[in-house]
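Worksheet: the structure to be examined is printed underneath.
Chains as they are written, first to last, in the working numbering: chain A, 1 to 147; chain B, 148 to 369.
Printed below as a string of structure tokens:
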């Protein structure tokens with residue numbers, strides 16, 4: 001009975017954890033604005049959490065820098081399954097204007113499986129909501145596959 | 148007993164929500180918002196200026212040789228784009244367009260690719276192409292003109308634009324500053340400042356018009 005309850009409620013309140021992997025702060029601000037009353041992703045159940053162990057969805061911003069790579073991977077490994085990794089902005093997908101720099105270890109997809117890419121530099125808050133809703137669907141699917 | 152903010156709390160229960168209600172109510176992007184790229188391959192002439200100015204290396208191309216000409220496929224990777232629109236600014240033919248579509252959410256990398264293909268025909272060789280660079284005659288007149296710039300060119304030969312869309316130089320106005328040669332994305336122009344020559348490699352020229360735009364003396368017609 002509890003398993004069924006968990007299965008049904010996973011997609012209703014996914015908790016977010018935000019990792020800044022050397023971002024310019026543009027995407028970070030937009031992600032926070034998604035949770036503020038104007039766009040209000042919290043009415044869809046998204047809740048920002050302070051600990052990766054509580055999270056369902058991990059949002060990564062920034063071109064994964066060589067300094068942050070170890071921390072990013074360690075943080076992501078602490079997120080329990082089922083988890084969904086969302087890259088926000090162009091940086092974690094390709095490196096963007098920092099591509100080829102000696103200080104960049106990205107893109108993130110070299111190290112972990114990325115579920116959703118939200119393109120834009122920075123993405124519009126509506127696009128971030130789109131990405132999070134898609135991530136929730138993937139999360140539900142992953143939960144359904146678990147025993 | 149006094150309840151502070153009781154009125155506001157009761158009002159808040161019945162008032163309309165102040166948030167945007169995005170997924171329920173679709174939202175339009177602001178005017179001139181730079182979202183998903185639309186590429187018009189029919190307007191493109193493959194001058195590669197967009198690839199040169201792209202800061203995120205988001206634009207790539209492949210060229211395939213076919214019988215009708217070169218088959219050019221240009222790809223814009225939105226996952227590497229900064230949406231600065233420098234490529235659209237530099238495109239003299241308006242082949243790149245930024246739309247207000249911001250829904251750029253993908254689970255696969257391919258969903259963020261914008262591609263277009265066109266066939267570029269080889270340059271048509273003419274029997275006697277009109278050589279624009281006047282070799283010896285205007286040379287003597289030019290030297291004084293460079294010094295006295297405000298003097299209008301009296302004997303300026305009225306140059307006609309070519310019908311194949313390639314640049315023509317007005318030798319009477321040219322100061323051989325080499326800006327056009329430096330701006331040319333195809334490297335088709337050779338300008339020798341000392342010898343005062345302006346030569347165009349017609350096979351390399353793609354007719355993008357960058358030289359005409361860059362010319363400070365406006366002596367190049369396209």
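Quick reminder that beta carbons are idealized off the backbone N, C-alpha and C, glycines included. This structure is a prediction, so every number in the text was calculated from the model and none was measured.
Assuming residue i contacts residue j under a Cβ cut-off of 8 angstroms, what Cβ separation, rounded to an integer in Å, is found between them?
| i | j | result |
| --- | --- | --- |
| residue 63 (chain A) | residue 91 (chain A) | 4 angstroms |
| residue 182 (chain B) | residue 248 (chain B) | 5 angstroms |
| residue 196 (chain B) | residue 238 (chain B) | 7 angstroms |
| residue 39 (chain A) | residue 107 (chain A) | Not really, about 27 angstroms apart at Cβ, beyond 8 angstroms. |
| residue 118 (chain A) | residue 251 (chain B) | 7 angstroms |
| residue 56 (chain A) | residue 139 (chain A) | 6 angstroms |
| residue 72 (chain A) | residue 60 (chain A) | 7 angstroms |
| residue 366 (chain B) | residue 320 (chain B) | 4 angstroms |
| residue 355 (chain B) | residue 192 (chain B) | 6 angstroms |
| residue 5 (chain A) | residue 47 (chain A) | About 18 angstroms; that fails the 8 angstroms criterion. |
Starting from the Cα of residue i, find the closest Cα among the options and give me that residue.
| i | options | result |
| --- | --- | --- |
| residue 141 (chain A) | A:119, A:129 and A:115 | A:115 |
| residue 261 (chain B) | B:227, B:238, B:269 and B:233 | B:227 |
| residue 350 (chain B) | B:150, B:194, B:223 and B:240 | B:194 |
| residue 210 (chain B) | B:199, B:263 and B:190 | B:263 |
| residue 315 (chain B) | B:340, B:368 and B:326 | B:368 |
| residue 323 (chain B) | B:333, B:307, B:358 and B:353 | B:358 |
| residue 99 (chain A) | B:356, B:306, B:205 and B:157 | B:205 |
| residue 220 (chain B) | B:266, B:327 and B:177 | B:266 |
With DSSP collapsed to three states, give me the class of residue i.
| i | result |
| --- | --- |
| residue 289 (chain B) | Confidence at residue 289 (chain B) is low in this model, with a pLDDT of 45, below 50, so its placement is unreliable and the value that follows should be read with caution. Residue 289 (chain B): helix per DSSP, three-state reduction. |
| residue 155 (chain B) | helix |
| residue 1 (chain A) | coil |
| residue 295 (chain B) | The predicted model places residue 295 (chain B) with a pLDDT of 41, which falls under 50 and marks its position as unreliable; any figure quoted below should be read in that light. If DSSP states are grouped into helix, strand and coil, residue 295 (chain B) belongs with coil. |
| residue 46 (chain A) | coil |
| residue 12 (chain A) | helix |
| residue 18 (chain A) | strand |
| residue 195 (chain B) | coil |
| residue 261 (chain B) | strand |
| residue 301 (chain B) | Low local confidence applies: a pLDDT of 44 at residue 301 (chain B) is under 50, so the model's placement there is unreliable, with the coordinate-based value given in what follows. The answer is coil: DSSP assigns residue 301 (chain B) none of H, G, I, E or B. |
Mind checking which residues open and close the alpha helix (DSSP H) that includes residue i?
| i | result |
| --- | --- |
| residue 144 (chain A) | 125-145 |
| residue 330 (chain B) | 326-330 |
| residue 74 (chain A) | 66-77 |
| residue 353 (chain B) | From DSSP, residue 353 (chain B) is part of no alpha helix (DSSP H); its letter is neither H nor E. |
Which chain A residues sit within Cβ distance under 8 angstroms of residue i?
| i | result |
| --- | --- |
| residue 252 (chain B) | 116, 117, 118, 119, 127, 130, 131 and 134 |
| residue 362 (chain B) | What residue 362 (chain B) touches in chain A: nothing, since even the nearest Cβ is about 30 angstroms away. |
| residue 249 (chain B) | 120, 123, 124, 126 and 127 |
Could you work out which residues of chain A lie near residue i, taking near to mean beta carbons separated by less than 7 angstroms?
| i | result |
| --- | --- |
| residue 170 (chain B) | 129 and 133 |
| residue 259 (chain B) | 117 and 119 |
Would you mind telling me which residues of chain B sit closer than 9 angstroms to residue i, beta carbon to beta carbon, in chain order?
| i | result |
| --- | --- |
| residue 28 (chain A) | Near residue 28 (chain A) there are no residues of chain B at all, since even the closest Cβ is about 17 angstroms away, more than 9 angstroms. |
| residue 155 (chain A) | The structure shown has nothing for residue 155 (chain A), since chain A only spans 1 to 147. |
| residue 99 (chain A) | 203, 204 and 227 |
Report the neighbours of residue i on chain A: residues whose CB is nearer than 9 angstroms to its CB, in chain order.
| i | result |
| --- | --- |
| residue 167 (chain B) | 38, 39, 40, 125 and 126 |
Which residues of chain B have a Cβ atom closer than 7 angstroms to the Cβ of residue i, listed in chain order?
| i | result |
| --- | --- |
| residue 96 (chain A) | 203, 227 and 229 |
How would you list, in chain order, the residues of chain B whose beta-carbon sits under 8 angstroms from the beta-carbon of residue i?
| i | result |
| --- | --- |
| residue 51 (chain A) | By Cβ distance, chain B contributes nothing, its closest Cβ being about 26 angstroms from residue 51 (chain A), past 8 angstroms. |
| residue 143 (chain A) | Near residue 143 (chain A) there are no residues of chain B at all, since even the closest Cβ is about 17 angstroms away, more than 8 angstroms. |
If I follow the unbroken beta strand (DSSP E) through residue i, where does it start and stop?
| i | result |
| --- | --- |
| residue 115 (chain A) | Premise fails: residue 115 (chain A) is in no beta strand (DSSP E) and is neither H nor E. |
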